[in-house]
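Numbering (numbering that gives the first Met the number 0), first residue to last: 0 to 350. Built from N, CA and C at the ideal position, the CB exists for glycine as well. Here the structure is a predicted model, which is why all the values come from computation and not from measurement.
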Amino acid sequence: MACSTRVGAWTTRLLRVGLFAEESVLFSNNAPLRRGHCRCLTTSRRTQQAVESNKYGGGGAPINKVTLPTLRRLKQDKMPITMVTAVDYPSGVAVDRAGIDVCLVGDSLAMVALGYEDTSQVTLDDMIHHSKAVKRGCRRAFMVTDMPFGSYEVSPQQAVQSAIRLVKEGGAEAVKLEGGAEMAETIKAITRVGIPVLGHVGLTPQRKAGLGGYRVQGTTGEKAVQLLQDTLALEEAGCFAVVLEAVPSLVAHVISKQVDIPTIGIGAGPGTSGQVLVMNDLLGIFDRFSPKFCKRYAELGQITQHALSEYAAEVRQGLFPAQEHQYTIKPLEYQRFLELIGQEEPLEAYA
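Take a look at the structure:
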């Protein structure tokens, strides 16, 4: 009896500071958990799914799905095409919610997501893994996945096999590869099996060693002509569009006027059919280097570091979790719990 009296007194004290409630609530916006363990778990899972659908945009059929005809129409209407990279589910969701036209799972994830020194170190399996994650969140935008270095150069047959894996396993709607006229037969082989190809000329990072590093391309008359010839060859081979990277603006503008397919610029000025940037660069997340052509629209790296530092400080100072972040138990159930474990003297709260 003495034990019960002491426990009862203790629960009264805890009631005063709000550590007990009549019903326990798992999520602040959800219905309270009631008796019946299995039903409670089912309810909470449904609620989690509902919250995720509302928060991340998943679930229903995509609205106004971007397709290849959409991109052709945008070029015809002289409406700039928007493209940005994504590396995982949250970034894929962000691309869709922002209304971006094309989501590129770029091999730049080697550096911005995996910490490699350059793009040549990422593998086909890496690209498939990240592509699958992006696809779960990206349902409206047209999704293109990079073919990594070593996955298509050996032969057209190798390229077809790699492209099929990116589509079948990774969920890509198209693939992107680097190179000019020398890649024409490879592009034809991939498109023959029904997989759209996005070309890439100018600065091709997978070949940076042969280019002497990350350098602007097409800076002489002869080299500019070569870029035009390469772009025309890619169009003839069946590419639905071509990326022009690190090319003088005037050269990129002339090339864009010479082809019927869209051109997507990255460091190629405003005269292309559209623009592409690496998400981590434009959000200020990746600080190893910042290309001249990239505009930072946010400084999320600094914001993230500040938030994590504040979290760590609050934990160490005992400020987090506060009362609003805690779950509660009914007083009688807490008393019963103490009796069952033989705890005669209740512990001081969070001593």
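inquiry  = So within the region 131-171, which uninterrupted alpha helix (DSSP H) runs reach at least 4 residues, ignoring any that extend past its ends?
reply    = 155-167
request  = Tell me the start and end of each unbroken beta strand (DSSP E) in the region 250-315 that is at least 3 residues and wholly inside, in chain order.
outcome  = 262-265, 273-276
query = In whole angstroms, what is the alpha-carbon distance linking residue 301 and residue 284?
reply = Within the sequence shown, the letter at position 302 stands for residue 301. Within the sequence shown, the letter at position 285 stands for residue 284. Between residue 301 and residue 284, the C-alpha separation is close to 8 Å.
query = Nearest CA to the CA of residue 92: which residue from 199, 217, 141?
reply = The sequence position of residue 92 within the sequence shown is 93, counting from 1. Nearest of 199, 217, 141 to residue 92, Cα basis: 141.
key: Contained beta strand (DSSP E) runs [length at least 3] in the region 190-221, N- to C-terminal order   = 196-201
Cross-strand partners of residue 173 (DSSP beta bridge) = Locating residue 173 in the sequence shown gives position 174, counting from the first residue. The partner list for residue 173 (beta bridge, DSSP) reads 143.
request  = Could you check what DSSP says for residue 78 in three-state terms: helix, strand or coil?
outcome  = Looking up residue 78 in the sequence shown gives position 79. In this structure, residue 78 counts as coil in the three-state DSSP scheme.
query = Leaving out the 5 sequence neighbours to the left and right, which residues in its chain are closer than 6 Å to residue 162 when beta-carbon positions are compared?
reply = Here residue 162 refers to the residue found at position 163 of the sequence shown. Contacts found: 174, 189, 194.
ask   = Hey, out of 290, 200, 170, whose CA is closest to residue 183's CA?
value = Along the sequence shown, read from residue 1 onward, the residue named residue 183 stands at position 184. Cα-wise, what sits closest to residue 183 is 200.
message = Please state the DSSP three-state secondary structure of residue 54.
response = As a position in the sequence shown, residue 54 is number 55, starting the count at 1. Residue placement at residue 54 is poorly supported in this model, since its pLDDT is 46, which falls under 50; the coordinates are not used for a value here.
message = Am I right that residue 252 and residue 266 are in contact with their C-beta atoms under 8 Å? What's the rounded C-beta distance?
response = On the sequence shown, residue 252 is found 253 positions in, with the first residue counted as 1. On the sequence shown, residue 266 is found 267 positions in, with the first residue counted as 1. Their Cβ separation, rounded to whole angstroms, is 13 Å, which puts residue 252 and residue 266 out of contact at 8 Å.
task = Would you kindly check if the distance between the Cβ of residue 169 and the Cβ of residue 130 is under 8 Å?
result = On the sequence shown, residue 130 is found 131 positions in, with the first residue counted as 1. On the sequence shown, residue 169 is found 170 positions in, with the first residue counted as 1. For residue 130 and residue 169, yes; Cβs fall inside 8 Å.
query = So is residue 136 buried or exposed if we call it buried at 16+ other beta carbons inside 10 Å?
reply = Here the question's residue 136 lines up with position 137 in the sequence shown. Result: buried.
request  = If I'm right that residue 206 touches residue 177 with Cβ under 8 Å, what's the distance once you round it to whole angstroms?
outcome  = Stepping through the sequence shown from its first residue, residue 206 is reached at position 207. Stepping through the sequence shown from its first residue, residue 177 is reached at position 178. Rounded, the Cβ-Cβ distance is 7 Å, consistent with contact.
Span of the alpha helix (DSSP H), counted from its first residue to its last, around residue 93 = If you number the sequence shown from 1, residue 93 lands on position 94. Segment 88-96, the alpha helix (DSSP H) holding residue 93.
request  = Using DSSP bridges, identify the partner residues of residue 84.
outcome  = What you label residue 84 is simply residue 85 of the sequence shown in a count that begins at 1. Paired residue(s): 103.
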